[in-house]
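Okay, so the sequence shown: first residue is 24 according to my numbering, each after it adds one.
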Amino acid sequence: MESNNKLSNHKLFNIGVRLVKFAWVVEILAVSIGFLISIIVSFSVYAELDKMDRTLNFGDYSSILVAALPFVLVAVVEASKIPVATAMMYAKHTSWRILFFIGLVLLASITFETMLNGFERNFSGLNIAIDDKKNASLLLQGKIDDFDRRKKDIDIIDPQEVDNNYQNSIQNANSTYYQTLEKEREYINRQITKLSSDNETIRGYQTEITELNQKEREIYDAWDVERSALQKRLRGLLNSYVAGSENDKEKLQKELDKLKAEMQKEMDDANFFTRPTVEKKYRQLITEKENRLYTVADRTIGDDALAKQTKSEQQLQDQLQVLGQDYQKRIDLGRQRMAYLEGQILSQTKGLEEKRDSYRTNYDKVAQQAAQNRNGTVSRSTSEKESQLAQYDEIQIEVRAIDNQIYGLKQEQTLLKNDINRLVNSNQIYRLAAYVSNKEQAIDVPKSTVGLVALVWFASLAFISAVTGVFLAIAGIYMQRIYAKDDEYETHSHHSALSTSQKEQ
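This is how it looks when you write it as structure tokens:
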């Protein structure tokens, strides 16, 4: 039984030794990682310096060496964790143990930082392809944005706006044309009205002519009344002799009266220029009508009646002739006065007519100039519209070419996005981040979430890696101390028992 305990203690002691050795293996690996990081850092500096296309000098090599030395020092310092752990375990005073423990924690933090650096570099290496494709996609997007800006800068002509501007120009030209003519007409009308209203003499002449016309109408009316009375009186004597012709005479008399009334109406409506013509016309018609009336009277049957009728008719004609001469003299005097007044009006209105003609000429010139301006505006607007539409067609050709280029870039961008999505979905960190953020696609995960997941994961692994070697060393040293003491105590007890038994014998 004692042999089994000794064997057990010895095995446990050896386990402690193996734990310490394994701790050294872990620390050697950690130191190796530190050395590799220093090499990678120095190589990165060398690669950046080599991009300058010049021969490296002593300063450049110094920079490469200085970049690697801090990480070399960190790797060397990491090898001191197990000796410090041994010192802490064998220290007899608590204060020293606390001091060694603090130093051990600091050394473990160095290992933690080294491992975290390694994990981060590994993650960055995995993301290089993703970042490169993202950068390529961003570069394509930049080109697309440049093409969009170019298209926006050149596509500045709107056909609808061009047509609206053309229609507005035509409307403005027409409006200006009609406004110019309207203003000129108003001006001329004001001037003509002013000329007519300012000529008091002409208005006086016109008033007198109007009064003379009225008097002439009154003379004609009196002449007609007296002539009718004379005719009725003389023809009453012939009624017994011309009974057979009474109806014809009455009919002719009615026609004559109607013709006289029509003459009176036409004379009232006629002016001093047309009055003689109208009077001559109706006088001739009246004369003809009266001659017919006289002819009917001559057709009376019977010698006595015919002779008496002839005598009475002759008396009527003589009296009518005397009456007509008397009234005609009065009418001629009025017409002579009207002719004189009309001559005065014509002489004084000659200047007015010349001014009116001048106004009409000026109006025609203004109208012609306004029409030329309108036609010129319409012609310029038409030319400008055609020019802008032609320029629009040229711009659209370039716009379509830009659209084709944008389409090609977007196709390339789509392929890059597919590649990025494939790479992201194959990355474990992105997949975990997608689970955490509840996203269907890993590429949709925010970068902050991906960084947080990577930090938690890498920090936990780095922490385990940093403390594993220390715990292995502490555990191994502890087992060596405990089971080495137990072995010495049992050996000493066994020797004492043997001595006692020998003495008893």
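Glycine is no exception: its CB is placed at the ideal position from the N, C-alpha and C atoms.
Helix or strand or just coil, what does DSSP make of residue i?
| i | result |
| --- | --- |
| Lys115 | coil |
| Asn212 | helix |
| Asn450 | coil |
| Asn398 | helix |
| Ala520 | Residue placement at Ala520 is poorly supported in this model, since its pLDDT is 49, which falls under 50; the coordinates still yield a value, given next. DSSP places Ala520 in helix when its eight states are reduced to three. |
| Val473 | helix |
| Val49 | helix |
| Lys462 | coil |
| Ala102 | coil |
| Asp171 | helix |
| Asp181 | coil |
| Thr318 | helix |
| Val345 | helix |
| Asp327 | Low confidence applies here, because Asp327 scores a pLDDT of 49, under 50, leaving its location unreliable and the question unanswered by this model. |
| Ile505 | helix |
| Asn158 | helix |
| Ala393 | helix |
| Thr297 | coil |
| Val95 | helix |
| Val493 | helix |
| Val468 | coil |
| Asn27 | Note on Asn27: pLDDT 44, under 50, position unreliable in the model; the coordinate value appears next. Asn27: helix per DSSP, three-state reduction. |
Look at the Cβ atom of residue i, then the Cβ atom of residue j, and state whether they are nearer than 8 Å.
| i | j | result |
| --- | --- | --- |
| Ile309 | Met290 | no |
| Ser61 | Ala98 | yes |
| Ile180 | Tyr430 | no |
| Glu417 | Leu163 | no |
| Ser404 | Ser192 | yes |
| Glu50 | Gly474 | no |
| Leu235 | Met361 | yes |
| Gly426 | Lys156 | The residue asked about is misnamed: residue 426 is Asp in this sequence, not Gly. No; because the gap between Cβ atoms is not below 8 Å, this pair is not in contact. |
| Val476 | Leu455 | yes |
| Phe36 | Gln451 | no |
| Lys238 | Gly366 | no |
| Gly39 | Thr137 | no |
| Pro469 | Ser460 | yes |
| Phe123 | Ala485 | no |
| Leu129 | Ser103 | no |
| Leu275 | Lys312 | yes |
| Leu204 | Ala393 | yes |
| Tyr363 | Trp246 | no |
| Pro182 | Leu412 | yes |
| Phe170 | Gln391 | no |
So residue i and residue j are supposed to be a Cβ contact under 8 Å. How far apart are they, rounded?
| i | j | result |
| --- | --- | --- |
| Lys440 | Ser160 | 6 Å |
| Phe545 | Leu139 | This structure gives no information on residue 545, because the portion of the chain shown stretches from 24 to 528. |
| Leu316 | Leu279 | 7 Å |
| Gln232 | Ile354 | In the sequence under discussion, the amino acid at residue 232 is Ile, which differs from the Gln named in the question. Not confirmed; about 14 Å, so no contact. |
| Val100 | Gly126 | Not quite, the Cβ-Cβ distance comes to about 11 Å (not below 8 Å), so this is no contact. |
| Ile153 | Leu446 | 5 Å |
| Val422 | Glu207 | Incorrect: roughly 49 Å between the Cβ atoms, too far for contact. |
| Ala489 | Thr134 | 4 Å |
| Ile211 | Tyr382 | 4 Å |
| Lys408 | Val185 | 6 Å |
*May I ask you to verify whether the stretch 491-500 touches the stretch 39-50, counting CB pairs closer than 8 Å and requiring at least 3?*
Yes, the stretch 491-500 is in contact with the stretch 39-50.
*asked:* Tell me whether the stretch 384-402 and the stretch 180-199 touch, counting them as touching only if at least three CB pairs, one residue from each stretch, are closer than 8 Å.
replied: Yes, they touch.
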